[in-house]
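**Q** This is the structure, below, for whatever I ask next.
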Amino acid sequence: MTRVLYIEGSPNKAYSASIEVCDAFLDTYRQVHPDHEIRKLDIWDLPMPEFDAAALAAKYAGLSGTALTPEQAAAWRQIERLAAPFHAADKFLFGVPLWNFSIPYKLKHLIDVISQKDVLFTFDAAGFAGKLVGKKAAVVYARGLAYQSPGSLTPAAEFDLQRPYMETWLRFVGVTDVTGIVVERTLFPDGKVDRSRAIDEARAIARTF
1 MTRVLYIEGS PNKAYSASIE VCDAFLDTYR QVHPDHEIRK LDIWDLPMPE
51 FDAAALAAKY AGLSGTALTP EQAAAWRQIE RLAAPFHAAD KFLFGVPLWN
101 FSIPYKLKHL IDVISQKDVL FTFDAAGFAG KLVGKKAAVV YARGLAYQSP
151 GSLTPAAEFD LQRPYMETWL RFVGVTDVTG IVVERTLFPD GKVDRSRAID
201 EARAIARTF
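Per the UniProt record's numbering: the sequence shown ends with 209, consecutive numbering throughout.
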């Protein structure tokens with residue numbers, strides 16, 4: 001069975017643009033693929049371990065080939081459990097609001113914890129290799145201001161650390177088939193127009209995703 005993992009990045013359940021666009025994507029996807037399994041991972045309702053001294057020691061023990069202590073092994077099992085849904089899924093849908101020109105700290109926490117050697121990537125003398133090869137992703141990027149428009153006070157080339165980060169990370173862990181859907185000006189009344197456009201775009205992409 002094909003599995004889709006939806007990572008919901010906004011805590012604003014009432015009127016989040018990223019959630020609304022992702023919901024439209026999933027509604028259409030379900031119509032096209034009624035037999036596919038969709039799992040939601042709400043990062044605001046997800047217990048995440050701290051990447052603390054035990055986890056760091058486990059990381060370096062693994063890098064050096066040293067046996068893990070019981071405390072280190074327990075910390076590493078938490079990391080592997082958190083990463084397991086990413087290995088189980090065939091496709092990913094991320095809803096990512098822009099916070100301080102980047103991504104929400106909870107999403108960064110998740111990425112920092114699970115992005116470990118032999119968990120989401122590996123490496124040798126020849127370089128790095130992602131462990132999520134063959135999977136695909138769609139990412140909804142929501143922004144309060146206009147970053148892509150000509151004359152923007154926050155031009156994407158300088159201020160957008162959201163989309164480049166997500167796409168770089170996805171490529172690093174092996175996901176090279178990535179589609180982005182951008183919704184902007186969500187802080188303004190005319191943002192409803194762009195939200196509607198993004199919803200239509202999401203539905204169109206979902207039909208062939």
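We treat Cβ as the ideally placed atom computed from N, Cα and C, and that holds for glycine.
For Phe-92, list the residues DSSP reports as bridge partners.
**A** According to DSSP, Phe-92 bridges with Leu-5, Ala-137.
**Q** Tell me the rounded alpha-carbon separation between Glu-158 and Tyr-165.
**A** Looking at the two C-alpha atoms, the distance is approximately 13 Å.
**Q** Tell me the DSSP secondary structure of Phe-123 in three-state form.
**A** In the structure shown, Phe-123 sits in a strand (DSSP, three-state: E or B).
**Q** In terms of residue numbering, what span does the alpha helix (DSSP H) encompassing Lys-106 cover?
**A** From DSSP, the alpha helix (DSSP H) with Lys-106 extends over 105-114.
**Q** Only counting runs of 3 or more residues, tell me where the beta strand (DSSP E) segments fall wholly within the segment 7-56, in order along the chain.
**A** Counting whole runs of 3 or more residues, the segment 7-56 contains the beta strand (DSSP E) stretches 37-42.
**Q** Whole-angstrom Cβ separation of Leu-5 and Arg-30, contact assumed at under 8 Å?
**A** Not confirmed; about 15 Å, so no contact.
**Q** Determine, using beta-carbon pairs with one atom in the segment 48-68 and one in the segment 17-36, whether at least three such pairs fall under 8 Å.
**A** No, the segment 48-68 is not in contact with the segment 17-36.
**Q** Select from Arg-3, Val-173, Pro-47, Gly-9 the residue whose C-alpha is nearest the C-alpha of Gly-127.
**A** Minimum Cα distance to Gly-127 is reached at Val-173.
**Q** Which same chain residues, not among the five before or five after Asp-52, have their C-beta less than 7 Å away from its C-beta?
**A** So the list is empty, once near-sequence residues are dropped.
**Q** Once DSSP output is grouped into helix, strand and coil, what is the label at Thr-176?
**A** Here Thr-176 sits in coil by DSSP.
**Q** Got a sec? Which residues, its chain only, sit under 6 Å from Lys-91 by beta carbon, not counting five neighbours each side?
**A** The answer, listed in chain order, is Val-4, Lys-136.
**Q** By the three-class DSSP mapping on this structure, what secondary structure does Lys-131 have?
**A** If DSSP states are grouped into helix, strand and coil, Lys-131 belongs with coil.
**Q** Any chance the segment 138-157 sits against the segment 11-19, with 3 or more Cβ pairs inside 8 Å?
**A** A contact exists between the segment 138-157 and the segment 11-19.
**Q** Is the beta carbon of Ser-64 within less than 8 Å of some heavy atom of the ligand FMN?
**A** The model on display carries no ligand, and the ligand FMN is accordingly not part of it.
**Q** Cβ atoms of Glu-184 and Ala-146: under 9 Å apart, would you say?
**A** In this structure, Glu-184 lies closer than 9 Å to Ala-146 by Cβ.
**Q** Where Ser-196 and Ala-24 are concerned, what is the direct C-alpha to C-alpha distance, given to the nearest angstrom?
**A** Near 10 Å, if we compare the C-alpha coordinates of Ala-24 and Ser-196.
**Q** Closest to Val-178 by C-alpha separation, out of Ala-138, Gly-95, Gly-130, Thr-28, would be which residue?
**A** Taking only the C-alpha atoms, the option nearest Val-178 is Ala-138.
**Q** Give me, in chain order, the residues of the same chain whose beta-carbon lies closer than 7 Å to that of Pro-85; leave out the 5 immediate sequence neighbours on both sides.
**A** Result list for Pro-85: Leu-5, Arg-39, Leu-41, in chain order.
**Q** Give me the Cα-Cα distance between Lys-192 and Thr-186, rounded to the nearest whole angstrom.
**A** Going by the C-alpha atoms only, they are around 7 Å apart.
**Q** Would you kindly report the start and end of the unbroken alpha helix (DSSP H) that includes Asp-200?
**A** Run containing Asp-200: 191-207, per the alpha helix (DSSP H) assignment.
**Q** How many angstroms separate the CA atom of Asn-100 from the CA atom of Pro-11?
**A** So the two alpha carbons sit approximately 15 Å from each other.
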